[in-house]
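Order-wise, the sequence lines are chains A and E. Every letter in the first sequence is one number past the one before it in the working numbering, and letter 89, counting from 1, is 100. Every letter in the second sequence is one number past the one before it in the working numbering, and letter 210, counting from 1, is 213. The next block holds one structure in the form of C-alpha cells; read it before the comments.
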Amino acid sequence: MQVDFNAPYKNRVQQALADPNLRVAVSNATDRMTDARLASMDAVEGQKLRSQVRQMKQHVLRNWPDYLQQLESNLTRNGCTVHWAEETEDAQNIVREIALQNSAKLVVKSKSMATEEIHLNQALEEVGLRVVETDLGEYIIQLADEPPSHIVAPVIHKRLEEIAEVFQDKLDMPPTREPTKMTSLARARLRQEFFAAGMGISGCNFAIAETGAICIVTNEGNGRMVSSMPRVYVVVMGIEKLVPTVEDAFLQLQALCRSATGQNLTVYCSMTSGPRQDGDVDGPEQVHVVLLDNGRSRMLARGYGEALLCIRCGACLNACPVYQEIGGHAYGSTYNGPIGAVITPALAPEISRFKELPHATSLCGACREACPVKIDLPRLLLDLRSDLVQENASPKPEAWGIKSYASLMSSRRMYESLGKMASIGSNLYAGMSGGNIKFMPPPLNGWTAYRDFAPFVPKSFRQWWKERSKLRGQT
Amino acid sequence: MHKATFEQRPNRVALFVTCMVDMLYPGVGIATCELLEKNDVEVVFPEEQTCCGQPAFNAGYRNEARKLARRFLSIFGPLVENGEVDAVVAPSGSCATMTSHFFEVLFEESREEELRRQAERLASVTFELTEFLVDVLGLVNTGARLQGKAAYHPCCHLYRELGVDDQPRKLLDGVEGLDIVDLPHADDCCGFGGLFSIKNSGISAAMGRAKARSALQCGADAIALCDVSCMTHINGILSREGISCRAHHIAEILNNHLGNSLRPPSQPEPQQPDHPRRWGD
Chain A
12 MQVDFNAPYK NRVQQALADP NLRVAVSNAT DRMTDARLAS MDAVEGQKLR SQVRQMKQHV
72 LRNWPDYLQQ LESNLTRNGC TVHWAEETED AQNIVREIAL QNSAKLVVKS KSMATEEIHL
132 NQALEEVGLR VVETDLGEYI IQLADEPPSH IVAPVIHKRL EEIAEVFQDK LDMPPTREPT
192 KMTSLARARL RQEFFAAGMG ISGCNFAIAE TGAICIVTNE GNGRMVSSMP RVYVVVMGIE
252 KLVPTVEDAF LQLQALCRSA TGQNLTVYCS MTSGPRQDGD VDGPEQVHVV LLDNGRSRML
312 ARGYGEALLC IRCGACLNAC PVYQEIGGHA YGSTYNGPIG AVITPALAPE ISRFKELPHA
372 TSLCGACREA CPVKIDLPRL LLDLRSDLVQ ENASPKPEAW GIKSYASLMS SRRMYESLGK
432 MASIGSNLYA GMSGGNIKFM PPPLNGWTAY RDFAPFVPKS FRQWWKERSK LRGQT
Chain E
4 MHKATFEQRP NRVALFVTCM VDMLYPGVGI ATCELLEKND VEVVFPEEQT CCGQPAFNAG
64 YRNEARKLAR RFLSIFGPLV ENGEVDAVVA PSGSCATMTS HFFEVLFEES REEELRRQAE
124 RLASVTFELT EFLVDVLGLV NTGARLQGKA AYHPCCHLYR ELGVDDQPRK LLDGVEGLDI
184 VDLPHADDCC GFGGLFSIKN SGISAAMGRA KARSALQCGA DAIALCDVSC MTHINGILSR
244 EGISCRAHHI AEILNNHLGN SLRPPSQPEP QQPDHPRRWG D
C-alpha cells in the first residue's frame, strides 16, 4: 500500500508498516549507505573530521550575520543578484518574478531540499511554467507525482520493478528491468529539456563567504548543466548553508560526500562564481541567489541552533531504526528521519503543528552517532517534547497520567501500596496461572496489541530486603 | 562526564534498584545485591527510593521530572556526601543515565545551581552494575556457569549515553559453558523507548520484531542485556511471536539464577531456582 501523504499521521504510519516492500527497499538501501559511510569515514580520521566540521559550523553560527554580509557583498561583486526571502511565499514570489521577467517557459532543476521546502515546483506551475527535475531520482518521483522520501536518495522507497512501471506508464518505455536501458532513456529525454530550458534552478550545498562561490554536489552532472546551460540560473539556499573559506568548503565537502553516500568525493562538484563575463564561451547571463530564512532565525531564537549545523547528508536517516521501518513519507514533511523530526517543528511558525514528530523516535541515539557534525539529535527531540508540554499541546489524558504518576512516586507509602495492588490485580487478571497478559484496556492496549506482558511478582525486592534484614537481626 | 577514581577499593555502596526491578523483577535486584556482597562490597538499600522520574522527563514533563529528581537527590545525595557509601550502583543503564546525565539538564534548565552541583557530584560516583563490577572492582569472572547459547544486546542508553559496552561482554565471556554468539544488527534499538512503545506502538513493535528475527537468525537461546525495560519489550515480542528465546538481565546470568542450562523448550523444566522467574511461558 502506498503512503497517502495527506492522511493523518497515524494512518500514514499504518500504511507504511503495512507495506512489506517499503521496509525491504528502505532498510536494504539504508544499510548499504551506512556500511559505505562507515568504510569511507574509517579510511580517513573520521572522528577528527567530524570534530573539525562541527567546530567550523559552530564558528559560522556564532558569526552568522557577519558571514552572511560577507557572502552577499562577494556575490554582488561577482555580478550575482542577491534576494532575501523571509518566508515561503516571499521565496516563491521572488523566483516567479525572475521567471516571468525573463519570459521563461521551461525550468530545469537540480535536486534541492530548499526548493522542496518552499514547494517551488507547484508555485511555478501555477503561473504556467513547466518544471523538470533532472536528478534521476527526483525525475522518477516527479513522474510518479510523489514527494522525495529521503534527503539525498529521493526514490529510496521504490524498488526497480516499481520504477520500471513508472517509466512504462509515463515515458512509454518498452518493458524492461535493465537499469542501463532505463537510465539511457531518462538521459535522452532530459538532454532535450536542458537544451530547451530558459531557466535553471538549484539548491546550494554550501556557499563560500570569502569568494562568493556557490557549490553544488552531484553524481550525474545535471547540476552543472542546470547552472551553466540556461540563460538564467537561480540558486535557492538556506541561510545556514555557508562556510567562511575555500579550505572550509573542502572540509565540509569531505564530510558531506563520505557521510551521504560513502564516496570519497562525488562525481561532480560544481562551483559558480557569478554570470558569464565578457569573453566567456558559456555560462548563464544572469545568476540570482535567493537567501532563504523560512524559520531558520526563528529556530535559533527558540534554542534549536544546534540543528542549524546540519549539512543535509542524510546519514541520520540511514542510521535510524524508525526511518528504516516506515520510510520518509510517513513523516508527512519535507524533511524526515531524525533531523526532519527536529527541524520540521522547530522551523514551523508553531511547533505544535508537527506535534507527532518529536515522539516518532525511541531516542536510541544512533542518529547522533552517525551525524558528521555530531548534532545531539536525541537531546533536541527531548527539548521539543518539553516545549510541546509547555504549550499544552500534549493529549490531556497523558498529562493527567504523568502528573498522577509523579505524585504517586513522590511518596514511599503510595509507591508501595501501588506495587501491592498491581501485583494482586495483575495476577488475578492473568488468572493466577503465571501466564502472560495478552490484553489490557486503553491506553495500555498499545502494548498488548503487539506484545505480551508478564504479571507483577507477588513479592517485591524491598519485601525481600526487609525480610532478609529481619532474619539478620538488623531491624 | 567526570567519573570519580577511588584511592581504596569501595567497600560500601547504595543500591539504586530502580522501580521496575523492585516491582517487576526482584530477582534482578537480589542478584545484583548478592553479586556485590560476594565481592566484599556491603550493600545499603535506601528504602525511601521510588522512581527516578525518567518517564516524565522522556515525555517532556520536566516539572514533574524535577520533582522526582529532587526527591531522589535528597535520598542518595546525603549518603554520598556524608561518606556513608562510596558509590551508587544501579542494575540499569537507562536509569543510571537519567540520574547521572539528565538530572543536570533538569537543574540547569531551572537554574537551581546547588542542586545541579549536587547532581553532578552524585553522577561522578553513580555506576551501572557491570561498569562497577569491571571498572571499579576489576572483576572479569563472577564464577557463573551456564550451558547454552547467548547473544548480547547493547541497550541504547547504556551503550550510547554511558559508553558501557566492553564491561558486560567481558563478564559474559567469563561465564563457564556459555557460548556467546553475535546478534545481527546488535546495536539497533529494540524499539522500547518508554512512552514510544505506547504512543507509536506499531513502529515500536516492528522494531521489536526485527530484534526477534535477529535472535532467531543467530540461534541464541537467550539474549543477555543490562536493562529490564528493554527486556520486558523484547520478551513481550518473543512471547507473542511464539519464539522460545528469552531475554535475561545479565545480573541473573552472572549470579546463577537461571539454573544450569538455557534449555531448548522441548526438554523438561530444569530445577527451579529459589528466586522468582519471569516470562515462564
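Just so you know, even glycine gets a beta-carbon here, dropped at the ideal spot from N, CA and C. Remember, it's a predicted structure, so these values are computed and weren't measured experimentally.
Next item on the list: Only counting runs of 3 or more residues, tell me where the beta strand (DSSP E) segments fall wholly within the stretch 75 to 149 of chain E, in order along the chain.
Entry: 90 to 93 and 129 to 131
Next item on the list: Can you grab the Cα-Cα spacing for the pair E/L175 / E/D230, in whole Å?
Entry: Taking the second sequence and counting its residues from 1, the one referred to as residue 175 of chain E is at position 172. Taking the second sequence and counting its residues from 1, the one referred to as residue 230 of chain E is at position 227. Going by the C-alpha atoms only, they are around 15 Å apart.
Next item on the list: Please confirm whether E/E123 and E/H251 have their CB atoms less than 9 Å apart.
Entry: Counting from 1 along the second sequence, the entry for residue 123 of chain E is found at position 120. Counting from 1 along the second sequence, the entry for residue 251 of chain E is found at position 248. In this structure, E/H251 does not lie closer than 9 Å to E/E123 by Cβ.
Item checked: chain A contacts from the stretch 225 to 247 of chain E (Cβ-Cβ distance under 8 Å) -> T235, H236, N238, G239, I240, S242 and R243
Notebook entry, point to check: Going by beta carbon distance, what residues of the same chain come within less than 7 Å of A/C378, once the five residues before and after it are set aside?
Noted result: The residue you call residue 378 of chain A lines up with position 367 of the first sequence. Contacts found: C327, A330, C331, P349 and L388.
Item checked: Segments assigned alpha helix (DSSP H), at least 4 residues, entirely inside the stretch 193 to 254 of chain A -> 233 to 239
Item checked: Neighbourhood of E/A215 by C-beta, 7 Å cutoff - its chain only, sequence neighbours within 5 removed -> One-based indexing of the second sequence puts residue 215 of chain E at position 212. So the qualifying residues of the chain are I240, L241, E244 and I246.
Item checked: Residue span of the alpha helix (DSSP H) that contains A/L49, given as start and end -> Counting from 1 along the first sequence, the entry for residue 49 of chain A is found at position 38. Start and end: P31 to A54.
Checklist line | CB contact flag (E/F195, E/H156, <9 Å) | finding: Start at 1 with the first residue of the second sequence, and residue 195 of chain E comes out as number 192. Start at 1 with the first residue of the second sequence, and residue 156 of chain E comes out as number 153. No, Cβ-Cβ distance for E/F195 and E/H156 is not below 9 Å.
Margin query: Less than 9 Å between the beta carbons of A/V300 and A/G211, yes or no?
Written below: Here residue 300 of chain A refers to the residue found at position 289 of the first sequence. Here residue 211 of chain A refers to the residue found at position 200 of the first sequence. Cβ atoms of A/V300 and A/G211: not closer than 9 Å.
Item checked: E/D185, buried or exposed, once every other Cβ within 10 Å from all chains shown has been counted against 16 -> Within the second sequence, residue 185 of chain E is the residue found at index 182, counting from 1. Exposed is the call here.
Margin query: Quick check: is the beta carbon of A/Q474 nearer than 9 Å to any beta carbon in chain E?
Written below: Sequence index remark: in the first sequence, residue 474 of chain A carries index 463 (1-based). Closer than 9 Å to some Cβ of chain E, the Cβ of A/Q474 qualifies, so yes.
Notebook entry, point to check: In whole angstroms, what is the alpha-carbon distance linking E/G283 and E/V83?
Noted result: On the second sequence, position 280 is the one that residue 283 of chain E refers to. On the second sequence, position 80 is the one that residue 83 of chain E refers to. Bear in mind that the predicted position of E/G283 carries a pLDDT of just 49, short of 50, making it unreliable; the figure below should be weighed with that in mind. Whole-angstrom Cα-Cα distance: 39 Å.
Margin query: Distance check for A/T229 and A/T194, CA to CA, integer angstroms please.
Written below: For the purposes of this step, residue 194 of chain A is taken as residue 183 along the first sequence, with counting starting at 1. For the purposes of this step, residue 229 of chain A is taken as residue 218 along the first sequence, with counting starting at 1. Taking the straight line joining both Cα atoms gives about 16 Å.
Checklist line | Cutoff 9 Å: A/W458 Cβ touching any chain E Cβ | finding: The sequence position of residue 458 of chain A within the first sequence is 447, counting from 1. Chain E, which has a Cβ nearer than 9 Å to the Cβ of A/W458, makes this yes.
Check: What first and last residue would you give for the alpha helix (DSSP H) that runs through A/V300?
Finding: Here residue 300 of chain A is taken as the residue at index 289 of the first sequence, counted from 1. First-last for A/V300: Q297 to L303, but that is the beta strand (DSSP E), not the alpha helix (DSSP H).
Item checked: Nearest residue (CA-CA) to A/T459, options E/R172, E/R12 and E/A208 -> Numbered from 1 along the first sequence, position 448 holds the residue referred to as residue 459 of chain A. When each option's Cα is compared against that of A/T459, the closest is E/A208.
Note to self: Can you confirm whether the stretch 42 to 56 of chain A touches the stretch 272 to 280 of chain A when touching is taken to mean that 3 or more C-beta pairs between the two stretches lie within less than 8 Å?
What the structure shows: yes
Next item on the list: Would you tell me roughly how many angstroms separate the C-alpha atoms of A/E409 and E/N61, rounded to the nearest one?
Entry: The residue given as residue 409 of chain A occupies position 398 in the first sequence. The residue given as residue 61 of chain E occupies position 58 in the second sequence. In a straight line, the C-alpha of A/E409 is about 13 Å away from that of E/N61.
Notebook entry, point to check: Hey, how far is the Cα of A/V243 from the Cα of A/A155?
Noted result: Start at 1 with the first residue of the first sequence, and residue 243 of chain A comes out as number 232. Start at 1 with the first residue of the first sequence, and residue 155 of chain A comes out as number 144. The straight-line gap from Cα to Cα measures roughly 28 Å.
Checklist line | Collapsed DSSP secondary structure at A/E367 in the structure displayed | finding: Looking up residue 367 of chain A in the first sequence gives position 356. Correct three-state label for A/E367: coil.
Notebook entry, point to check: Given E/V75, which residues of its chain have a CB within under 6 Å of its CB, disregarding the five upstream and five downstream residues?
Noted result: One-based indexing of the second sequence puts residue 75 of chain E at position 72. For clarity, residue 75 of chain E is Phe in the given sequence; the question names Val instead. Within the same chain, E/F75 has close Cβ partners C55.
Notebook entry, point to check: Relative to the C-alpha of A/S38, which residue among A/S405, A/H168 and A/A318 is closest?
Noted result: The residue labelled residue 38 of chain A in the question sits at position 27 within the first sequence. Residue A/H168 is the option with its Cα nearest to A/S38.
Next item on the list: Check distances from the C-beta atoms of the stretch 372 to 386 of chain A to those of chain E and list, in chain order, the residues that come in under 9 Å.
Entry: T372, S373, L374, C375, G376, A377, R379 and E380
Margin query: Which residues of the stretch 9 to 42 of chain E have a Cβ closer than 7 Å to any Cβ of chain A? Give them in chain order.
Written below: V20, V24, D25, M26, L27, P29, G32 and I33
Margin query: I'd like to know whether the C-beta of E/P58 is nearer than 9 Å to at least one C-beta of chain A.
Written below: By 1-based counting over the second sequence, the position of residue 58 of chain E is 55. Yes, E/P58 counts as interfacial toward chain A.
Next item on the list: Kindly indicate which residue of A/L253, A/S421 and A/R483 has the alpha-carbon position closest to the one of E/N66.
Entry: The residue labelled residue 66 of chain E in the question sits at position 63 within the second sequence. Closest option to E/N66, Cα to Cα, is A/S421.
Margin query: Which residues in chain E have a C-beta closer than 9 Å to the C-beta of A/L399? List them in chain order.
Written below: Here residue 399 of chain A refers to the residue found at position 388 of the first sequence. Within chain E, the residues near A/L399 are G63.
Notebook entry, point to check: To the nearest whole angstrom, what separates the beta carbons of A/I129 and A/T99, a pair I think is in contact under 8 Å?
Noted result: Translated into the one-based positions of the first sequence, residue 129 of chain A becomes position 118. Translated into the one-based positions of the first sequence, residue 99 of chain A becomes position 88. A/I129 to A/T99, Cβ: 5 Å. Contact.
Next item on the list: Using a Cβ-Cβ cut-off of 9 Å, state whether A/V333 counts as contacting chain E.
Entry: Mapped onto the first sequence, residue 333 of chain A falls at position 322. At least one chain E Cβ lies under 9 Å of A/V333.
Next item on the list: Can you say whether A/G290 is buried or exposed, counting buried as having 16 or more other CB atoms within 10 angstroms of its CB?
Entry: The residue you call residue 290 of chain A lines up with position 279 of the first sequence. When all chains shown are included, A/G290 counts as exposed.
Notebook entry, point to check: Could you give the C-beta distance for A/I227 and A/S121, rounded to a whole number, given that I count them as a contact under 8 Å?
Noted result: Residue mapping note: residue 227 of chain A aligns to position 216 of the first sequence, counting from 1. Residue mapping note: residue 121 of chain A aligns to position 110 of the first sequence, counting from 1. The Cβ separation is near 6 Å, so the contact holds.
Checklist line | Continuous beta strand (DSSP E) stretch holding A/Y279: start and end | finding: Reading the first sequence from its first residue, position 268 is the one you call residue 279 of chain A. Segment Y279 to T283, the beta strand (DSSP E) holding A/Y279.
Checklist line | Minimum Cβ-Cβ distance from A/L131 to chain E less than 9 Å | finding: Residue numbering aside, residue 131 of chain A sits at position 120 when the first sequence is read from its first letter. By this cut-off, A/L131 is not an interface position.
Next item on the list: Using the Cα positions of A/R202 and A/S84, report the straight-line distance between them to the nearest angstrom.
Entry: Along the first sequence, read from residue 1 onward, the residue named residue 202 of chain A stands at position 191. Along the first sequence, read from residue 1 onward, the residue named residue 84 of chain A stands at position 73. Cα to Cα, A/R202 sits roughly 35 Å from A/S84.
Check: What separation, rounded to the nearest whole angstrom, lies between the Cα atoms of E/F178 and E/A154?
Finding: By one-based count along the second sequence, residue 178 of chain E stands at place 175. By one-based count along the second sequence, residue 154 of chain E stands at place 151. Checking the sequence, you will find Val at residue 178 of chain E rather than Phe. Looking at the two C-alpha atoms, the distance is approximately 13 Å.
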